[in-house]
Structures are given as C-alpha cells and as structure tokens.
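Undergrad: This is the structure I want to talk about, given as structure tokens.
2 protein chains.
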Amino acid sequence: MRIVEWRERTVPLDGDVRNAVVSFADHTVSIVAAVSDQRRGGRPVVGFGFNSIGRFAQGGILRERLFPRLRGADPDALLAGDGRSFDPAAVELAVWDLEAKLRDEPACATIARAAGRAPTPYPVSVYAAGGYYYGDDSVRRLRAELDGYRALGFDAFKIKVGGAPLDVDLARVEAALDVAGAGSCLAVDANGRFGVEAAQTYGRALAPYGLRWFEEPGDPLDYALLRQLIDGYAGPVATGENLFSAADAENLVRFGGMRPEVDVIQVDPGLSYGITEYLRVLDRLEAHGFDRTRCFPHGGHLINLHVVVGLGLGGCEAYPGVFGPFGGYAPTCAIGGGTVAPSDAPGFGLEEKPDLASHLAAMVEDLA
Amino acid sequence: MRIVEWRERTVPLDGDVRNAVVSFADHTVSIVAAVSDQRRGGRPVVGFGFNSIGRFAQGGILRERLFPRLRGADPDALLAGDGRSFDPAAVELAVWDLEAKLRDEPACATIARAAGRAPTPYPVSVYAAGGYYYGDDSVRRLRAELDGYRALGFDAFKIKVGGAPLDVDLARVEAALDVAGAGSCLAVDANGRFGVEAAQTYGRALAPYGLRWFEEPGDPLDYALLRQLIDGYAGPVATGENLFSAADAENLVRFGGMRPEVDVIQVDPGLSYGITEYLRVLDRLEAHGFDRTRCFPHGGHLINLHVVVGLGLGGCEAYPGVFGPFGGYAPTCAIGGGTVAPSDAPGFGLEEKPDLASHLAAMVEDLA
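Taken in sequence, the protein lines are chains A and B.
Position 157 of the first sequence, counting from 1, maps to 157 under my numbering, and the rest follow consecutively.
Position 87 of the second sequence, counting from 1, maps to 455 under my numbering, and the rest follow consecutively.
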C-alpha cells in the first residue's frame, strides 16, 4: 500500500474583514491531496487536508521541501506497524482523511482509535465566531450578524475587541449581549493586540459582564502578561491559537498562570504541527491538571470538528459568515441548539461541503 | 529611489556531517538579491542577503508571499523617513547590504548608525565551531580537525556532544582539550538533544573541565529544563539559536534561569526575524540585566560578523570546515590570534568570498 502522489492547490479565502490586528482579504489556504494506490468504487482513494484558515498557503514549502521528503521516504516508513494502514504521524491531516476513507469511517473514529478512546457522543458544543470590524454602522451590523447566527442554530457567540476605542468596544459588547442573552454566551477576542496595561484595563471593564471568555489579550508568547492579567481577572481567559508545539503549550500553562478549572486552551491541530503533535499537547496539559474539555481548538471547520469528537474536547468554533470555502460545516452536519455533529461520510467529509468540493474535485479529476 | 526587482537563488550547502540531532547533507540556503535603480560604476547596486546556514532554503515563501508583498508595497514605505535611504525594517538582510553599498561603507557601519552607536573596534573575538560526528576514528579525526583550526588562527573551539554515549563524548572532550589547552577555550554543543535528566548527567560530568560553555542542552523552548540544569551547573550555559523573536528571547531570560553575568545568548539575526528584530532582542535582554557582550550569535558568516561589530556583541563563531559557500569569512577578513575583522568592502562584503561570489554573480549577470 503506497501513497503514489502528493498534490497542492492554493485557494483564496473568502472574507474581506479584519480583527484588531489583521485583514483577511488576501489570505490563501493550501489544500493537500494524498493520492493512494488503493481504489474504492473504481477510483483511487484520495485523502484531503488543509491547515488553519486565516493565514497563508504553503505551496512553496510543500512542493520544495515536504513533498520531496515524502517521495524520498521509504514507503514502509509511512505505514503503521502492522503495514496495513498509513501512519499519520509522518504526514498528517491529508493522511488522517485518507486512512479514515480506507477504513470507510468518519475521521473522528480513526482519531479516537489512535488515541485509544471512543469518540465523544454527538453532537458537540459549537459557538459562532464573527463580530469583525466592518467600518461604518458596525454596532447595527454586528447585531444583525449575530441575529443571523442565532437563526442558523447557534446560541453562543464570539466577537472581536481591541480594534476600536474601549467605549466603542463596550457598546459592541452590550449590543452583542442583547442578542446572546447572557455573558456566558458571549466571548471576546483581542487577537493579541494589547500590552499589559491595556489588557488589564479591558479586563476591569469586561469583568462585570461575566463573559464566556476573554481571548488572546496579548502577544501569544507573552506568558508574563497573561499571568499579570489573570492575577486580576476572575473570569475565564482563553489563548493558544498561535502556539504551535507541545513545548509552547507547556510553557503557556507553566508560566502563564492559566487555571485548570477556569481557563481555555485553543491550540489548533491544523495551524500547529498536526493531530499527532496535538496528542502530545493534550498529554502535557493533562499532566498539568487541565481536563481536555478545557480545550476549544481555534479554527471552525470540519477537520477540527472531527478532532473535537475524536478526542473528547470541550467544543468547536464556527465562522458561519467568513472564511469560506474552508470555514464552516457541511449541510450534513446538523447545527442546532448550539451543537454540531459530523456526518457519517468517510474521512473529514470535506467533499460534502459544496463550496469546497469543486476545489477538491479539480485536484483529482485527471485520476483514472 | 526604488528597489526594482527581487530575486532568489537556492544553493546547496556543503558539508556531509551531523550533530546530535540532524544531518546537514541535504541543506540548502536562499540567497536574496535586492536590485536597486541606483548605479555605481555603470552597474546597478544590488544588495545580497542569506539567512542562517544549516537549515533549508525558503524559495517558495519568498517568491509566493514576500516578493509579491514587496512589489505591492508603496515604494516610499520601503524608504527611511528622509526618503533618501532604504529602511531595512521592511525587508531585512539584503537591504542592509544594499543600503551599506549605497553609502559605500561596510555594513557594520550602517548597522551601528541605525543603533545609534559607533562600531566596535576591530578585530573581534571568534571561535571555531566544528567537531561533528563523522563515524569511525572520530577522536583522532577530531583532534586533527581542531589542530587544523588552530593552524588557521583560531584559539577557541566548539565541538558536538550528545550524539554518542557519555563516555565516548568525554573522550572527545578530553581530546579536544589537549588541542584547546584550557577549558575556557572549549565549548560543547548538545543541539537540544537532552531531557532534563540527561542534561543534568552531562552537566555533572562536564563541570570539572570548566568549559567555555555548555550549549543548547535541551529543547530550545524548554525553559524549565534550562532552569533545572542551571540550578546545579555553575559554568556558563549558552542557548537561543532556535529562538526567533524578542518575545521568545524575553521568555528565555524570564523563565529559563539564565544568569546575566554567566550565561550566553545565541539568538541569530539571520535565522530569526532579522537585524531589526535583533535590536528588539537586545533591548529586552538589557532590560533584564544582560550586557550585550553576553551575546554570541549562532551562524559563523560575514553577515553576523558585521552584526557583532556593528552592535558591540561578545564575538562570532566560525565554521571553517563546513557550511560552505556561506559559512566562514572572506580571505580579506584577517583571522588570527582568535580574532576576526571585516574588510572595508561595501555592504557585507559577500562578493569577497570566492566560493559565494560565483553564485552572487550568476544572480545578476543579466543586469545591464
């Protein structure tokens, strides 16, 4: 059993929006296809993966460095010990998809088996992330945006802060609370914008609202800032989407003052070093007393849904309004009552997302 | 004044050697050329830069992401406030070279001016790094290698440890000490190989030799390991070559137990985010009580020589035996008595290194 070809396709990301720090207008995403020599229904079985959305594609490094390494590897080195399945430790997300398809099961089942556990019962908690800055009339637009998410079946929300003066941001928070109904249903995300004084100022201003969490207050690596904020902020603090390794995650909980019973870890398996490294992240977090239900991976898409279900994490995010064709879930994923569930499609089920399916098909249409 | 073209060329790195962790046999380096619209001697002035050696080229991300961003930028945004010089903060090493050439001065003078200081008087301290694992007969070969470096004018050396059992490594250290003459003239480098127990075991075994430093004992991000080692190891510990930002460097000294009067910081301006970020690294280190003479950047080449002289750092390393055509210095850099000095060539003087000059010439031979 062999992976006979690797392909990459760079796709622009939808969404001309911005948070406190970046615009997403020019972002792109690499889709990777792992073409196997196995056939199902007369066609080669192909695994698809992409990394986190809201960054940039990696076509160059994939074609110049990773694909040649994979082609040059001993083919048996890409197989698990039994020689009858691919080992995703070698090449990650596209191989998880491929391996799940070869087993004709959803990726969450494959991931759970690899972790020695049963998949979490469906559905799992999901919240709608959005609330970007659009420009004029943003409070009215924000309210309409969140009303729209509620109509789609979401009952918890996250909006951006830190891209406007504090009084404007507080007006946005209060408008969002009107829709969310309770602080526990609304999180805010500063995207790492603040220094320690601004983070503490926002912390004091936000504390009375009893929010779901205050996300990424400062530089992702500024563990001292985080500890100083947490010393004076009783509510949950969430961070970790811009940490990439188990070593980084361990430093976060060692030095950042993160509280196992309170705070939220958002390391993203796709944006960082894959599901294999994410398993190591969970090991380190659990060694420091964090339950895995404190983990809500950044990146609202099908891949992380299967990770959340497969590993029993706290829940998913979703970007219903932006980050297509990667963001969001397939129509077959029943969203409602603040929850989401994977379908029983093999693999990550990316082919069930119509706006993504055309890109996937274009990558493999020449395969006999 | 404009940069009218960006070019990249990927060049294989010489040196089929290994340390405790990696083989360098397949490594490559990107040379970047910044072609200006300015002319000197009838030819366009071109700045050259490369990043650290002993890693991989970045042709894909340069061509797909960085060059398009630079071409798309407002040309004035690449100029300093006076509009008459390029601002390296935007595009880094190749622009430092270009800007120094436009001023007809060595890059160390340009770098020193940007930092508001005078260049350090030449020459500066340099040590020879090598002592890799070659296979059979490595102790005899090691001794011959260091003898060769001494004949070239070096009087301090660094060798690898951690790629062999402790007793073999100690035999290598003792052979190297025969050549070095004193522990203060010999450093050892574990390239991040050890867990905390192995690091402490090596620390106890190495302590009696009074070595110049014990480099990168564990994972570059494992600040807790570093602190535990340092608690029981009185000699200097060196690390930082695999930290890339001012935030990382600050975490190192905040959480790693690094001692301002004892330990050594090896953040590499090229391997990390450039000289501009390196200036921020120095600011953070000085705020934590470290003198800049505690900094010995990783990466023994002309670019870091100009950084060391321009910023008054502790000294340089050199790889006389490996990492050509990038590693090492030009024949015009007088090496002797354990010191090295830049020539008065404009820029980094990369054109004075014969094995590199042909690559640089090939990148610009078509320019009128």
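Every residue gets a Cβ at the ideal spot worked out from N, C-alpha and C, and that includes glycine.
#1: Taking three-plus beta-carbon pairs below 8 Å as touching, is the region 214-223 of chain A in contact with the region 181-200 of chain A?
#2: By the three-class DSSP mapping on this structure, what secondary structure does residue 133 (chain A) have?
#3: Between the C-alpha atoms of residue 396 (chain B) and residue 530 (chain B), what's the straight-line distance to the nearest angstrom?
#4: Can you tell me which of the three DSSP states residue 701 (chain B) falls into?
#5: Helix, strand or coil for residue 301 (chain A), going by three-state DSSP, please let me know.
#6: Taking contact to mean 3 or more Cβ pairs, one atom from each stretch, closer than 8 Å, check whether the region 566-573 of chain B and the region 592-610 of chain B are in contact.
#7: Relative to the C-alpha of residue 720 (chain B), which candidate in B:474, B:443, B:386, B:376 has its C-alpha closest?
#8: Between which residues of its own chain and residue 538 (chain B) is the CB-CB distance below 7 Å, once the five residues before and five after are set aside?
#9: With a threshold of 6 Å on Cβ separation, who are the neighbours of residue 414 (chain B) within its own chain once the five nearest residues in sequence on each side are excluded?
#10: Which runs of the alpha helix (DSSP H) at least 4 residues long sit entirely within the region 598-626 of chain B? Give them in chain order.
#11: Say whether chain B places a C-beta atom closer than 8 Å to the C-beta of residue 51 (chain A).
#12: Can you check whether the CB of residue 111 (chain A) is closer than 8 Å to the CB of residue 306 (chain A)?
#13: Which whole runs of the alpha helix (DSSP H) in the region 142-206 of chain A are 4 residues long or more, in chain order?
#14: Helix, strand or coil, according to DSSP, for residue 283 (chain A) in the structure here?
#15: With distance defined between alpha-carbon atoms, name the residue in B:620, B:694, B:634 nearest to residue 592 (chain B).
#16: Return the CA-CA distance between residue 100 (chain A) and residue 345 (chain A), expressed in angstroms with no decimal places.
#17: I'd like to check one pair, residue 723 (chain B) with residue 692 (chain B): are the Cβ atoms closer than 8 Å?
#18: With three or more C-beta pairs closer than 8 Å as the rule, is the region 309-316 of chain A touching the region 108-126 of chain A?
#19: Classify residue 288 (chain A) as buried or exposed, calling it buried when 16 or more other Cβ atoms lie within 10 Å of its own Cβ.
#20: Helix, strand or coil: which one does DSSP assign to residue 83 (chain A)?
#21: Closest to residue 490 (chain B) by CA distance: which of B:690, B:681, B:694, B:715 is it?
#22: Count the other CB atoms within 10 Å of the CB of residue 130 (chain A); is the residue buried (16 or more) or exposed (fewer)?
#23: Would you report the Cα separation of residue 280 (chain A) and residue 316 (chain A), rounded to the nearest angstrom?
#24: CB-CB under 7 Å to residue 476 (chain B), same chain, minus the five flanking residues each way: which ones, in chain order?
#25: Using beta-carbon positions only, say whether residue 633 (chain B) and residue 653 (chain B) come within less than 8 Å of one another.
#26: If the criterion is Cβ atoms closer than 8 Å, does the pair residue 172 (chain A) and residue 159 (chain A) meet it?
#27: Rounded to whole angstroms, what is the Cα-Cα separation between residue 258 (chain A) and residue 623 (chain B)?
#28: Given residue 609 (chain B), which residues of its chain have a CB within under 6 Å of its CB, disregarding the five upstream and five downstream residues?
#29: Under the rule that 16 or more other beta-carbon atoms within 10 Å means buried, what is residue 690 (chain B), buried or exposed?
#30: Taking C-alpha atoms, which residue in B:449, B:461, B:523, B:606 lies nearest to residue 664 (chain B)?
#31: Using the C-alpha atoms, what's the distance from residue 727 (chain B) back to residue 437 (chain B)?
#32: In chain B, which residues lie less than 7 Å from residue 3 (chain A) when you measure between Cβ atoms?
#33: State the start and end residues of the unbroken beta strand (DSSP E) segment that holds residue 67 (chain A).
#34: By DSSP, does residue 314 (chain B) sit in helix, in strand, or in coil?
#35: Looking at the structure shown, is residue 581 (chain B) part of a helix, part of a strand, or coil, going by DSSP?
#36: Can you list, in chain order, the residues of its chain whose CB lies under 6 Å from that of residue 293 (chain A), leaving out five sequence neighbours each side?
TA: This is what the structure gives:
#1: yes
#2: strand
#3: 24 Å
#4: coil
#5: strand
#6: yes
#7: B:474
#8: 573
#9: 401, 403, 732
#10: 614-623
#11: no
#12: yes
#13: 166-180, 196-206
#14: helix
#15: B:620
#16: 10 Å
#17: yes
#18: yes
#19: exposed
#20: coil
#21: B:681
#22: buried
#23: 20 Å
#24: 487, 674, 677, 678, 710
#25: yes
#26: yes
#27: 15 Å
#28: 634, 636, 666
#29: buried
#30: B:606
#31: 25 Å
#32: Correct list: empty, because the minimum Cβ distance to chain B is about 21 Å.
#33: Segment 67-72 is the alpha helix (DSSP H) holding residue 67 (chain A); no beta strand (DSSP E) there.
#34: The structure shown does not extend to residue 314 (chain B), since chain B is modelled only from 369 through 736, so no value can be given for it.
#35: coil
#36: 314
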